[in-house]
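> Before anything else, here's the structure in question.
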Amino acid sequence: MRRWNGWGDESITVQLEGEARAFLGARLGRGTAPQDATFEQACAGLPPGRLPPHPLIDATGPTRARHAHGQSLPDWLRLRHGRLGKVPDGVAFPESGAQVRELLAFAALHDAVVIPYGGGTSVAGHLDVGHSSNGGLRPSLSIDMGRMRAMISLDREAQLACFGAGVSGADLEAQLRAHGYTLGHYPQSFEYSTLGGWIATRSSGQQSLRYGRIEQMFAGGRIETPSGTLDIPTFPASSSGIDLREMVLGSEGRMGVLTHAVVRINRLPEHEAFHALFFPDWEHAVQAARMLAQARLGLSMLRLSNAGETRTMLALAGHGRRVGLLERYLGWRGCGQSKCMLLVGASGARGQAREALRTAAALARRLHGVHVGRALGERWRRNRFRSVYLRNAAWEQGYAIDTVETALDWPHVTQAVTAIEQAAAAALEAFGERVHAYTHLSHLYPQGASVYSTFVYRLAGDYQADLARWRQLKDRVSSAIVGCGGTISHQHGVGVDHAPWLAAEKGELGLGAMGALFRHFDPECRMNPGKLVTP
């Protein structure tokens, strides 16, 4: 059963052990666990839905409440404090493209806005009902795609697979693995996020160095729009005008509902391994990461933690004795308090993967890199979809965890890391609070890298006070990102939360072009309005 007011499955609990609590207490002060509202309390004040009955639509309060929010910190604050605000007037569960078309016609008949719903994992306000429905003046219909999750076809010769867009990452991989294939798209939300959501927000998986981002995987499909059905055929390449896939990628539900998608798949790798290296400081580490990305060795992943994240990961790992031995060994090798950890992954044919890892370790040694083997890398792989559960554990101890991410060309990466962490510190200092900020480069390219920063700070325990802290933090760090020349989102999309900074990247002419595209497919501004660009 999914948690209604936190991350993941209710049966999975990750604890903050004593060492971790002491670590946070020393940096931020002791947190106080807030008093959360119950699900019954949150649903108690919901008004009845405003849509007439329909056989595909569930208008009960609990179902509507579970589809009202995603996983952003403002979403959590609303849920935890029982202040749900605007919720959908109904939730539909279609099982075919024909039923999606029927629902779009129903929405048009009753002047309802439509919010496509995948896994509910958005951290950028994509599911916000108030913005979508003009402050709630128009009724709203959430279309949950979870029943459209089957593999529709598999073309072994072309290595193409077609899925219902509501398939989750875990379900998609299980269906492919039964035939000896993989998509290789592993965002941290992999267990719950969906193929349609990945395409709509231009998602990136943790092993993008080998498999690419979702735009390299998306080959074609079908989208139901208020103006009709758009079919996108598959080609290995085409020079025939504008690529229709590019109009759908990153469209965030503004054009219509993606019902099925064809993706480019790969044979399951014969061998896969993740190793860890340490560098004495950020300067050596980032130079090594850039060198490895530009060498095009055939690696599947490079993930570089700055000194703050490296200390945090080691402190939260537990196993104090083993960590202490590692720290002493690294200190002897010249990696002290400023050390940075680089995780290196390789996937593919056994010989090729091992050779890529050997070459990477040899190149890293030129910059004083210390190779410590597979133990830390394999631990990361085992826990890579569980670490996000720390958000639940931190909340229960009185701490909030939030993130931002961007991407920049190499000359601006270090500047951005510093500016983002300093902006976060200044934002919380205005409230007399400290922030524990740390950063990693989550995806690396020959041209540049993504910068992914995490912020941990104390909760006030009051809805308005905590919302004000988040808003100040978001404003400061987003302005820092734009000031350094970064994109406002590398992998999470725009939604409501990032929209104020989109013009700096697209310009007024670019925003106007996107608005014109959406109006072409959705002339009545029915599809998830208020996201990306305002009506």
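Residues 1 to 535 (full-length UniProt numbering) are what the sequence shown spells out, left to right. A virtual CB, placed ideally from N, CA and C, is assigned to each residue, including glycine. These numbers were taken from a predicted model, which means no experiment stands behind them.
1) Would you mind stating whether Arg476 and Ala416 have Cβ atoms separated by less than 8 Å?
2) Report the partner residues of His54 according to the DSSP bridge assignment.
3) With DSSP as the reference, identify every bridge partner of His440, one or two as the case may be.
4) Please state the DSSP three-state secondary structure of Met217.
5) I'd like the list of long-range same chain contacts for Arg50, defined as Cβ closer than 8 Å, with 5 residues on each side in sequence excluded.
6) When the Cα atoms are used, what is the spatial distance from Thr121 to Trp332?
7) Which whole-angstrom value is the C-beta distance of Glu433 and Arg471, which I expect to be below 8 Å?
8) Would His490 be called buried (16 or more neighbouring beta carbons within 10 Å of its own) or exposed?
9) For Ala276, does the three-state DSSP call read helix, strand or coil?
10) Checking 8 Å against the spacing of the C-beta atoms, do Tyr452 and His436 come in under that value?
11) Would Val456 and Leu24 qualify as a contact pair, given that the criterion is a beta-carbon distance under 8 Å?
12) Could you work out which residue in Val129, Val262, Glu173 is closest to Thr234 when comparing CA atoms only?
13) Exposed or buried, what is Gly336 when buried is set at 16 or more other beta-carbons lying within 10 Å of its beta-carbon?
14) Distance, Cα to Cα, Asp171 vs Ala430?
15) Using a Cβ-Cβ cut-off of 8 Å (strictly less than) and excluding sequence neighbours within five positions of Gly373, which residues of its own chain qualify?
16) Closest by CA to Arg321, which one among Asp9, Trp282, Glu19?
17) Can you name the residues that DSSP bridges to Ile12?
18) Is Gly82 near Ala37, with beta carbons less than 8 Å apart?
19) Kindly list the residues whose CB is nearer than 8 Å to the CB of Gly166, restricted to its own chain and excluding five residues on each side of it in sequence; keep chain order.
20) May I ask you to report which of helix, strand or coil DSSP gives Ile265?
21) For Val494 and Met255, I'd like the C-alpha separation in whole angstroms.
22) Give the DSSP-derived three-state secondary structure of Arg30 in the structure shown.
23) Apart from the five residues just before and just after Asp497, which ones in its own chain have a Cβ nearer than 7 Å to its Cβ?
Looking at the atomic coordinates:
1) Within the sequence shown, the letter at position 476 stands for residue 476. Within the sequence shown, the letter at position 416 stands for residue 416. Going by C-beta atoms, Arg476 is not nearer than 8 Å to Ala416.
2) Stepping through the sequence shown from its first residue, residue 54 is reached at position 54. Looking at the DSSP output, His54 shares a beta bridge with no other residue.
3) Taking the sequence shown and counting its residues from 1, one reaches residue 440 at position 440. Under DSSP, His440 forms a beta bridge with Ser305, Tyr452.
4) One-based indexing of the sequence shown puts residue 217 at position 217. Met217 carries a helical assignment under DSSP once its states are collapsed to helix, strand and coil.
5) Residue mapping note: residue 50 aligns to position 50 of the sequence shown, counting from 1. Hits under 8 Å: Asp89, Pro139.
6) On the sequence shown, position 121 is the one that residue 121 refers to. On the sequence shown, position 332 is the one that residue 332 refers to. C-alpha separation (whole angstroms): 43 Å.
7) Here residue 433 refers to the residue found at position 433 of the sequence shown. Here residue 471 refers to the residue found at position 471 of the sequence shown. Their Cβ separation, rounded to whole angstroms, is 14 Å, which puts Glu433 and Arg471 out of contact at 8 Å.
8) Residue 490 sits at position 490 when you count from the first residue of the sequence shown. Answer is buried; the Cβ neighbour count reaches 16.
9) One-based indexing of the sequence shown puts residue 276 at position 276. Residue state, collapsed to three classes: strand.
10) If you number the sequence shown from 1, residue 452 lands on position 452. If you number the sequence shown from 1, residue 436 lands on position 436. Note that the C-beta distance between Tyr452 and His436 is not below 8 Å.
11) On the sequence shown, residue 456 is found 456 positions in, with the first residue counted as 1. On the sequence shown, residue 24 is found 24 positions in, with the first residue counted as 1. Yes, the pair counts as a contact, with Cβ atoms nearer than the cut-off.
12) Indexing the sequence shown from 1 puts residue 234 at position 234. Residue Val262 is the option with its Cα nearest to Thr234.
13) Start at 1 with the first residue of the sequence shown, and residue 336 comes out as number 336. Exposed, by the Cβ-count rule.
14) On the sequence shown, position 171 is the one that residue 171 refers to. On the sequence shown, position 430 is the one that residue 430 refers to. In a straight line, the C-alpha of Asp171 is about 45 Å away from that of Ala430.
15) Counted from its first residue, the sequence shown places residue 373 at position 373. Answer for Gly373: His275, Ala276, listed in chain order.
16) Residue 321 sits at position 321 when you count from the first residue of the sequence shown. Answer by Cα proximity: Glu19.
17) Position 12 of the sequence shown, counting from 1, holds the residue named residue 12. None, per the DSSP bridge assignment.
18) Counting from one through the sequence shown, the residue named residue 82 turns up at place 82. Counting from one through the sequence shown, the residue named residue 37 turns up at place 37. In contact: Gly82 and Ala37 (Cβ atoms closer than 8 Å).
19) In the sequence shown, residue 166 corresponds to position 166, counting from 1. If we look at Gly166 and ignore the five residues flanking it on each side, its Cβ neighbours are Gly118, Asp144, Met145, Gly146, Arg147, Met148, Arg149, Thr194, Leu195, Gly196.
20) Taking the first residue of the sequence shown as 1, we reach residue 265 at position 265. Collapsing the DSSP output to three states places Ile265 in coil.
21) To locate residue 494, count along the sequence shown from 1; it is residue 494. To locate residue 255, count along the sequence shown from 1; it is residue 255. If you take the alpha carbons of Val494 and Met255, they lie about 15 Å apart.
22) Position 30 of the sequence shown, counted from the first residue, corresponds to residue 30. It is coil, neither helix nor strand.
23) As a working note, residue 497 is residue 497 in the sequence shown. Ser72, Ala124, Gly125, Lys474, listed in sequence order.
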